[in-house]
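Q:
Protein chains in written order, with UniProt numbering: chain A, 1 to 986; chain B, 1 to 986.
Here you go:
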């Protein structure tokens, strides 16, 4: 079947064209095509990882070429030169982080030339975010941020017309629906990628379904976005890689015995003819490029020029192949003008498998500490952005520090950064980069807090190692400490705060001097034993604090002269035990039942329901192969491939119990390298599992992957749910996919899905939800079961490029990781999955803690915080940040699908921000919403209707208002799961 | 010792500068230097082999990059672009063959730009010949031709100022004095190279003798030429290779943790400071480039720009290093202005050894059939050039065919072509290229002969396989044949001619119908047994013909109806035998005595002297190692390294005797794969040894190198003589060198020298000379002994890059080679080495044979040949060829050192060529001799005199005359060994 030669004869209306060129910025520079031919859009591109085998700077400068030959500076140097030579040539630039660095090094003359190239559509930005982010392990907040960052630079530098119009996610290892939704909400016309389950791809190739319309949200009717899968990964056609990295022969057109024009043209025509049979339209897109190609762009363009020339010369002999330089957005522009419909897509593209033993589900968990550090970075970034806005920090120094943190977080989203699929040395560089950026931005936070309070000399120090109960300032016993809690949420929040201390007796008071109930909780022995820390913190001071929306709050901690060792016994409460080999940990909301003889959790009661929930740790052995053929694939940084059965650690475990006033904990010593605290707080409706894993032993020559597993009697019927980048939930059916019959040779890893924020199972009565503190892989292999992979240590590379086993070490031993999993048992159908989502938000952006010594803090407390109405429940201020001079960006989110439409009047917030004008913008923040236009495509089954350009359907008129207007004009409504973005001009 | 910091304070006279810039074309664009600093001349260059691991076209186009990543088209593309960006940048282009091809593909605009770059000295030509020729195995006639070809293109394209002024022989494996002499005679100011015996180089490094003044001729007083050895091969300094082929880090000068400016500058300054201690001047030259580098020249220049900037920035902190882009000629320009003297050099730089087991003396013989084919190519080229001139062939077709043959011969001179050090596939490409060029030029010869005779329809076919007694036309028995003999010498010459025939009875008549004495000689059985030929030639018809200078002559061969088998016995003469186990072969000039029982030659009598000369073949086993360390070096394409003792084939050999009227032969069957014909002709004063070797067996797993060895009682006292590229003779002392104590660990290969034309030993009474028919390695390991290596077949690569064992095969077996060695025994001191030299000339350019069927040749013979005086003995017309429209190039040579000064009046020749004007030019033919200026340098020991530019000393005023002048003005004299070159304008 060959669509383009068939009855779908194409015509282009002249009038339509005019309409199009009025509406569409830049498409007038798209190449001319021929309606009676197969139009082959050659798309020159270079895929430039923002770190992978080399660090970002090594890639940029082209150093350490012994690791990988790659130098982005030269790519951009030579590509721009080649583009300047011939107006027909095109190139797409994807990663704005690299482009930003390169552009900043250019002369004024060169900048003018580049602007001209961009204005003429010869250099086109595709994707355009700071990096090409991963789609499995990222949180939507950070994805939006990094698009904001990239697109803002492009807009500020090249104007609105330079704005990318297509997503170019060619390398990420699977594709999320939320990413597609974000593209739609940014006004992108479509997205392209290259990786898809090989069975699905083959199915699509055969059924003309390589390109489709993806409904990217359950909640927005018009979240549809054109989605195209590249024909053969993202490289040039076999034999046509004209790049210094390749060994394909050039086009030899001189007088030579080696002249190969005829043969090369034959081969190319055969290739595109064959390719076109897998696509519906008489346009096909052929990427020309690959990883770090175009370092010597002359080689590429010189040969592509010749290829185009000689292929098109064949038209004189009747060839129907029309070849030209193009871009993905020009390709899509042509497609959208066709009377063509496309298949539908509603689910996502996870998990990705490249062969029957290679499910790329290991990276969902790889490098767990890096994945968590990225979340810390986001947490701090959001806090600093808010504080900077409120304190109106505008100095160059502050702006720069904030930019550096934004950029670092942009880099971290890269699909070889947060994924953990980079080399060890690169991971260290990322950590260093993010650490330095946080340290730099700490000054902003401190300066902002000094402005926002009357404490102009307080330290406002952060403690980045609080997760392992380390903080130098609080552990110095002589100090009386002030803890400043910053609440980044737009709601008042009450949270338990933990501060590592040495003395065992403290008085805790709020900023009004009122004493707050607190208790001293022992730190697990395993934490005390961590090698690199001093041994002086044996306890954490725990107290509950309530902080208003977007605000800060002081807690004063004064060591008291009580005796040691009195305390814990004073505060602890006898444990309820019974005869049935059980003991319980219980508070007003939750009851946990443990098996006394083994120490394992066996049942949970909360939210009015009880369930036998057994929690344990278990170990997969990583498959060790030589990678030569598929069945010898090793488990590695990308791929999770267990070897044999799981080993569940079900034996009796040592444990101790702390049953305090507000805090109740069971400390489990599972084995020499796995321990856990199971914890409930009074008034907190979730169970906390704080795990500590490592060093994972490999003395036996076997790599291991550690999971936590919850079993129950919930009849989940092969179904479980996982979130998409922290937003909407997707239904997963064990061993099934939406579109195709998967090859389930690897039945464990083939059922793993990314869990960015939560996963759950449910039946008619109960739902068990797990929330996590970083991205992990998760599954439900049996009904009633939930499994999250927490940590991995492997001894073999999985041969997908990274060239190292994922064998993280620290201090000469395997890396120790710590983290939390939260469990919520809820009643169905009474409670929809809303509370869990709310919990995720609070866990995602908890109070940010700053520490000062009391002698630097005056006793009178003063706060200058914005004065605006509390947000409705389920509505959040996703972003509050400096945008540019006198401009603030606000993002409002209705984050729950079950809370209904929310209305909110922004006038008080607008006023408190000293606003003069406000207008609504695209999700990324860089284009007025009223300017957003998107191509509309036609589904299969909806009938073929004439192509047209339409406004993206929004259920609201974009907000545009100014200070002269009545407050009622500032009211906005948000549909369930909707995000709306605004710029306030001060 | 550190010259530049010492007492040799330098000053540059302003007036001197003016004088210089008047005299010197282009030096005004040389970079400014600083007299109080170490001036570091960075010389960007790319070493582009005209074939080696890949073919010429593969290198040019950049195809087959799996073999070696190299694409010259891109080098020139990107280098030119980079040069256009900054007027300070420089680049030297060396191989004109590549440049010619590239330039022909450029647009008019680009050509203008390139001309501008050349005019401004930014793109400078160095060397400039068609290829960078080898120096051991080439014949001077072909070297001159390929310089003519390259420099002519440069002059025609870019004018006189583009003419290279320095030789750039950076890669050839040893350096000949004749090459230096040719440079001097072309007006070059100096030459640079990189390879020298490692012991000598170390000695020179320590003794400030890296740069020297080479007296390149025994006969010309002013053949002196500045000669510089590069400090560390020809690559960039370690760590500073800024090229896509390298992995050295770039200069990282941005805001980055990786910023390495300080470290890189420190390292570079340390390097050049250390380097400068091995050189006399305060200028040093640092090459920046290597094999096929600059394919992405932006990388190179961008980083060199930064290096220069940051190194020179250090001058603000007191650094005395001054770094800039330069060229070798600018470097030399600075040196020649210094009040500086230089050490002397008189001998050559052979053999080259790179370590104590690696004497590069194998390539003197490698690929013996290719080396011979190259000589055939030269022979045919010279003939065709003469015929084209005489017949005034000026059509585009003829001009092009001639150009292609000239270019092919230019390529063949390349130091990986004629050397035999290329890969097998490349060797085949060379052969194909030369074969096609010869076939193409055969049309020129045929058309010229048709013009020059009244035989406008004769075939004038050549037979390229005459050396193995194959010629289709003469072997077709039905034909009556006309053999047209073309004598390319400027003397009447009498030579025996051999024509393969099938019938055994012929009448041979000259062009006047007079019968010529002829005889039928049997072809050796081993030749009949060659696999790929039909078996119908069993005989060769031999007759003696005399042809006038630069003329042609017809011989008519008519098969006669005599019976077979009558013939040989009729003509043979009984062999003289005696009782002493001897038999003799004898004619009026020569007496050869053989041992009857063994078949070996044992004595020779000729020229009035007798000597016991024993000839035998012998075998070296090639050393087989793993090449890991020096002592494991294998014998290979470059290196000759025998394993153990030589195996002399001294056993009894089978033989047969043909004792004819004019021809006497002993056919020796040495073993299954070595045979030989020892031959004397009546009236010819030399003994001919026609050897046939192969397939060399390697079934025993051992590579073998076959030599012919002549032993005698001549008391040669450790001394022997070998020619330098076919011109002057050099004295070789066993185990000794001119300048240094060589490491003679490899005492056999370390005594091998290139024998391009002849070698001899002598004592007070006798001289034994061997002349050969192609380049070979030769030595004299014992007094009285002469040894030539004839053939090599090896099983291991010697790890100098070619990556293949030198294991030539044909028809699935080892390659069979055939060739001739000529022996002359002469009386000393009566006869100087003059007759031998004369013989070399006749052997080098024998009659060229063309075959036609008689029915196409009319009976009346007409020749239009030039009418001029016979040249004096020892004087030769080295070149007679079309130069350009209406211009003819003539080269006269006094080729003997012992014949004294020769005078000759060129007027008749001038007139016969329809000359209107004649002027003398440099040796290459492209610059009027009166314009030639060369830098003059000062020797150590001659005192320091002010620098100046002087005319090259010539003992004659350049001839410049025109047709209005008296004939006496056309008289020229030639000193011994002098060559004078003229252009005749018609």
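No residue lacks a Cβ here, since even glycine has one placed at the ideal position from N, Cα and C.
So, helix, strand or coil for residue 689/A, using DSSP?
A: By 1-based counting over the first chain, the position of residue 689/A is 689. The answer is strand: DSSP assigns residue 689/A an E or B state.
Q: May I ask you to verify whether the stretch 708 to 721 of chain A touches the stretch 765 to 778 of chain A, counting CB pairs closer than 8 angstroms and requiring at least 3?
A: yes
Q: Just to confirm my understanding: we take residue 209/A, look at its own chain, exclude 5 residues before and 5 after, and list those with CB closer than 6 angstroms. What are they?
A: Within the first chain, the letter at position 209 stands for residue 209/A. Cβ within range, chain order: 343.
Q: From which residue to which residue does the alpha helix (DSSP H) around residue 154/B run?
A: Position 154 of the second chain, counting from 1, holds the residue named residue 154/B. Segment 140 to 158, the alpha helix (DSSP H) holding residue 154/B.
Q: So that I know if they touch, is there some Cβ in chain B lying closer than 8 angstroms to that of residue 66/A?
A: By one-based count along the first chain, residue 66/A stands at place 66. Yes - at least one Cβ of chain B is within 8 angstroms of the one on residue 66/A.
Q: Is the number of C-beta pairs between the stretch 804 to 817 of chain B and the stretch 691 to 698 of chain B that are closer than 8 angstroms three or more?
A: yes
Q: Could you check where the beta strand (DSSP E) with residue 657/B kicks off and where it finishes?
A: Here residue 657/B is taken as the residue at index 657 of the second chain, counted from 1. Taken as a continuous stretch (DSSP letters only), the beta strand (DSSP E) holding residue 657/B covers 654 to 659.
Q: In the DSSP assignment, find the unbroken beta strand (DSSP E) run with residue 603/B in it and report its ends.
A: In the second chain, counting from the first residue as 1, residue 603/B sits at position 603. It spans 601 to 606 - the beta strand (DSSP E) in which residue 603/B sits, taken as one unbroken run.
Q: So, does the stretch 127 to 146 of chain B touch the stretch 904 to 915 of chain B, judging by three or more C-beta pairs under 8 angstroms?
A: No, they do not touch.
Q: Could you run through the stretch 295 to 318 of chain B and flag, in chain order, every residue whose CB is less than 8 angstroms away from some CB of chain A?
A: When C-beta distances to chain A are compared with 8 angstroms, the residues of the stretch 295 to 318 of chain B below that value are 295, 296, 298, 299, 302, in chain order.
Q: Could you tell me the distance, in whole angstroms, from the CA atom of residue 82/A to the CA atom of residue 301/A?
A: Start at 1 with the first residue of the first chain, and residue 82/A comes out as number 82. Start at 1 with the first residue of the first chain, and residue 301/A comes out as number 301. Whole-angstrom Cα-Cα distance: 7 angstroms.
Q: Give the interface partners of residue 81/A over in chain B, defined as CB-CB distance under 8 angstroms, in chain order.
A: Sequence index remark: in the first chain, residue 81/A carries index 81 (1-based). Here the neighbours are 81, 298.
Q: Say whether chain A places a C-beta atom closer than 8 angstroms to the C-beta of residue 250/B.
A: Position 250 of the second chain, counted from the start, is the residue given in the question as residue 250/B. Interface residue, yes.
Q: Just to confirm before moving on: does the CB-CB distance between residue 167/B and residue 121/B stay below 8 angstroms?
A: Along the second chain, read from residue 1 onward, the residue named residue 167/B stands at position 167. Along the second chain, read from residue 1 onward, the residue named residue 121/B stands at position 121. Taking C-beta atoms as the reference points, residue 167/B and residue 121/B fail to come closer than 8 angstroms.
Q: If you draw a straight line from the alpha carbon of residue 658/A to that of residue 519/A, how long is it in whole angstroms?
A: Residue 658/A sits at position 658 when you count from the first residue of the first chain. Residue 519/A sits at position 519 when you count from the first residue of the first chain. Using only the alpha carbons, I get a separation of about 11 angstroms.
Q: Between residue 797/B and chain A, is any beta-carbon pair separated by less than 8 angstroms?
A: In the second chain, residue 797/B corresponds to position 797, counting from 1. At a cut-off of 8 angstroms, the C-beta of residue 797/B has no neighbouring C-beta in chain A.
Q: Buried or exposed: which applies to residue 967/A, given that a residue is buried once 16 or more other Cβ atoms fall within 10 Å of its Cβ?
A: Within the first chain, the letter at position 967 stands for residue 967/A. Its Cβ having fewer than 16 others within 10 Å, residue 967/A is exposed.
Q: Under three-state DSSP, which class holds residue 264/B?
A: Here residue 264/B corresponds to residue number 264 of the second chain, with the count starting at 1. In this structure, residue 264/B counts as helix in the three-state DSSP scheme.
Q: Within 10 angstroms of the Cβ of residue 105/A, are there 16 or more other Cβ atoms? Answer buried if so, exposed if not.
A: Numbered from 1 along the first chain, position 105 holds the residue referred to as residue 105/A. Residue 105/A is exposed by the Cβ-count criterion.
Q: Would you call the stretch 890 to 899 of chain A and the stretch 401 to 413 of chain A in contact, with 3 or more CB pairs under 8 angstroms?
A: Contact fails between the stretch 890 to 899 of chain A and the stretch 401 to 413 of chain A, because fewer than three Cβ pairs, one in each stretch, are under 8 angstroms apart.
Q: DSSP on residue 935/B, reduced to helix/strand/coil?
A: As a first step, residue 935/B must be located in the second chain, where it is residue number 935. Assigned with DSSP and collapsed to three states, residue 935/B falls in strand.
Q: Looking at the C-beta of residue 74/B, does it have a partner C-beta in chain A at a distance below 8 angstroms?
A: Along the second chain, one-based indexing puts residue 74/B at 74. For residue 74/B, the answer is yes, since a Cβ of chain A falls inside 8 angstroms of its Cβ.
Q: With a Cβ-Cβ cutoff of 8 angstroms, do residue 912/A and residue 882/A count as a contact?
A: In the first chain, the residue the question calls residue 912/A occupies position 912. In the first chain, the residue the question calls residue 882/A occupies position 882. No; because the gap between Cβ atoms is not below 8 angstroms, this pair is not in contact.
Q: Considering only residues of the same chain and omitting the five flanking positions on each side of residue 969/A, which have a CB-CB separation below 7 angstroms?
A: Here the question's residue 969/A lines up with position 969 in the first chain. Only 961 meet the Cβ criterion.
Q: Might you give, ordered along the chain, the residues of its own chain that have their beta carbon closer than 7 angstroms to the beta carbon of residue 886/B, omitting 5 neighbours on each side?
A: Within the second chain, numbered from 1, the residue matching residue 886/B stands at position 886. Closer than 7 angstroms at the Cβ level, and outside the excluded window around residue 886/B, lie 985, 986.
Q: Are there 16 or more other CB atoms within 10 angstroms of the CB of residue 727/B, so buried, or fewer, so exposed?
A: Here residue 727/B refers to the residue found at position 727 of the second chain. Buried, because 16 or more other Cβ atoms sit within 10 Å of the Cβ of residue 727/B.
Q: So is residue 377/A in contact with chain B if we call contact Cβ pairs under 8 angstroms?
A: Residue mapping note: residue 377/A aligns to position 377 of the first chain, counting from 1. For residue 377/A, the answer is no, since every Cβ of chain B falls outside 8 angstroms of its Cβ.
Q: If we call anything under 8 angstroms between Cβ atoms a contact, is residue 602/B one with residue 591/B?
A: Stepping through the second chain from its first residue, residue 602/B is reached at position 602. Stepping through the second chain from its first residue, residue 591/B is reached at position 591. In this structure, residue 602/B lies away from residue 591/B, with their beta-carbon atoms at least 8 angstroms apart.
Q: Distance cutoff 8 angstroms, beta carbons only. Does residue 223/B sit that close to anything in chain A?
A: Position 223 of the second chain, counted from the first residue, corresponds to residue 223/B. Residue 223/B does not count as touching chain A.
Q: Kindly indicate if chain A contains any beta-carbon less than 8 angstroms away from that of residue 254/B.
A: Position 254 of the second chain, counting from 1, holds the residue named residue 254/B. Yes, contact with chain A.
Q: Does residue 87/B have its Cβ less than 8 angstroms from a Cβ in chain A?
A: Here residue 87/B refers to the residue found at position 87 when the second chain is read from its first residue. So no, residue 87/B is outside the interface.
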